[in-house]
Structures are given as C-alpha cells and as structure tokens.
Amino acid sequence: RLLLPNIPLKSSGYRIMFQSGIPYHETGTFTSHRTFLPDDEYGIALDNLVKGCTDILLLNPRGDKIFTGRRCVQPQPDWWFMGGRIFPGETPIQSCQRLLRRELGLDIDSERFVAVCAQAFAFEMREQAPKHHGTTDAQFCYKVQLLNEEEVKKVVLDENEYSESEWKLPSEVIEGNYHPALKFAVGNMLAGNVLERLEKKVEEEGSSDEEIAMLAREFLKKRKEVDQVLKTTSKDYKLVSKELDYETTVNSRY
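With the working numbering, letter number 98 in the sequence shown gets 205, and the count goes up by one each step, no holes.
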C-alpha cells in the first residue's frame, strides 16, 4: 500500500493558499556541492532521506484543462504531475523552471508560478534497486498557465517514463480514478482560484458586501470539498499498471 505520513491538520494543503508563495531562506552563503551518485549509493540515500520535490499543474491557455502524463515507471505508474526532485540551492520555483525546461522544453518566467499546496508521499516501490524499499517525498505543488499554442506544442513527454498524456478537465480528475494526491492538488487549485477572485473583489472599488460574502461562501465550500478527498475518495482509488504488472491502493490522511 502507498502511505501518506500523519500530517497535523494545521499543515494541510489548503493552508498554503494563504501564503503569497513558498519562502526560500538562505542563511549565510550556500554553495551547492551536488554530485552524481551511482545507483547503489543513490539507493542508500533513498532509504535514509525524504526527497524534496516540486510538481506542477500545467494549464492550457484557457485555464480550463490540466496536462497529465501516465507514468510507466516506478514510483506511481499511473496518471501524475509534471515535476521531480529539487536540487540543493534551488528555490522551489527554480526547480519547477528547470524541470519544465528539461521535460517539456518550456521556459517559464518565475512570476507565472502560483503555489497550490504541499503534500507528503510514501511509495511502496521505486525504480532504483532494491525496488521494494520504496521512496518518500515532500512535495511543493505549483500551477502555471500556458500563454499560447506555441507553448502548448512543446508539451511532449519522454516515452521512456510516460506511456501517454492527456489534457483533462479538473472535474475529470476530481471524479475519476486518480491518485488522491492529484485530486487534492486540483481541489486546492480550484479553491485557490475562488480565493483569488475574492481578493480581487475585496480590492475592487464599488464591490458590495453581498458579492464578497458570496465568494467567501464559495471558497469555504471548495475548501471543505478538498478535505473530502482524503476522507472518502482515497478509499476508492486503485493503482493498476499493466506494464509493470503492479496493483495497489492508497491510504491518505492528515
């Protein structure tokens, strides 16, 4: 089974939407000494460390569909985010920029990234030997909306890691057989969209209290729907990978 560590409620994903972003605090002058690790050493590192990762909800120019890829390697050989691990010395946004440049050939300005949520993962399996030792991650999730069809055309995934890709409506993810982490992020994104509208309405001259109250109620409704993802839908998800002859379920909780 895939397990999510027991995270206190005050650290739940929706709280991050009250931040303007994810701060990066450099105390003194940090210099990265990252080196390439042979597979056996990297495997030992995975056994002892929680990896920091950045993942991205990539939106089409209209902002109504999310790009997803179906992974064909461990961990999580199913529909998943775009992203990967953070390198030492990178801010979370710099990590996102590098990963999108590497995986999709996209150069995205830092101002276009919006923080969505934070989550923690524990996967039963991994790609590195011994595979059954699994791997653990701490995730910072962002959203970024593509600007035009030129950027959309660049969105092509590595066939060695992904068997297929698809632009999906948020409702497809929320209502379908998708990992609770993906649903949780999409739900937070939808709630965050309402919060952004609420903030603009509060700052807009001539806005009525009735309009503001309506958006506030809509935000609270969306936020509560995010909690239901972990309480109910996580029990329904089943990961089935025919390529890897692998099946499992997920246990999600705060």
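Beta carbons: idealized from backbone N, C-alpha and C, even for Gly.
### Query
So what does DSSP say about F230, is it helix, strand or coil?
strand
#### Entry: At least 3 beta-carbon pairs within less than 8 angstroms: the stretch 229-245 vs the stretch 123-143
no
### Close-in-space but distant-in-sequence residues of the same chain around I200 (CB under 6 angstroms, 5 per side omitted)
S217 and F220
### Query
What are the start and end residues of the alpha helix (DSSP H) that includes K328?
D316 to K338
### Query
Are K275 and T340 touching if we call contact CB-CB under 8 angstroms?
no
### Query
Per DSSP, which one or two residues make a beta bridge with G190?
D162
### Query
Do you know how far the Cα of I173 is from the Cα of D154?
33 angstroms
### Message
Does D146 come out as helix, strand or coil in the three-state DSSP assignment?
### Response
helix
### Query
So P184 packs on S315, CB below 8 angstroms; how close in whole Å?
That pair is no contact at about 50 angstroms.
### Query
G159 and A245 look like a contact to me (Cβ under 8 angstroms); what is the Cβ gap, rounded to whole Å?
5 angstroms
### Message
Beta-carbon within less than 8 angstroms of D146's beta-carbon, same chain only, minus the 5 sequence neighbours each way: which residues are those?
### Response
Q235 and A236
### Query
Is it the case that the Cβ atoms of L253 and L165 are separated by a distance below 8 angstroms?
yes
### Query
Taking the alpha-carbon positions, what's the E332 to R360 distance?
14 angstroms
### Task
Look up R360 in the DSSP assignment and say whether it is helix, strand or coil.
coil
### Those residues which DSSP pairs with C248 across a bridge
D162 and C224
#### Entry: Test item: CB-CB of Y344 and Y285 under 8 angstroms
yes
### Query
So, using beta-carbon positions, are R177 and S278 closer together than 8 angstroms?
no
### Message
Taking the beta carbon of S127 as the centre, do at least 16 other beta carbons fall within 10 Å, making it buried, or is it exposed?
### Response
exposed
### Query
Using a Cβ-Cβ cut-off of 8 angstroms (strictly less than) and excluding sequence neighbours within five positions of E256, which residues of its own chain qualify?
P168
### Task
Return the chain-ordered list of same chain residues with a C-beta closer than 8 angstroms to the C-beta of Y149, the five sequence neighbours on each side being excluded.
Q235
#### Entry: Buried or exposed by the 16-neighbour rule on C-beta atoms within 10 Å, applied to Q226
buried
### Span separating the alpha-carbon of L351 from that of C179
7 angstroms
#### Entry: Assumed close pair S139, F194 - CB separation to whole angstroms, cut-off 8 angstroms
7 angstroms
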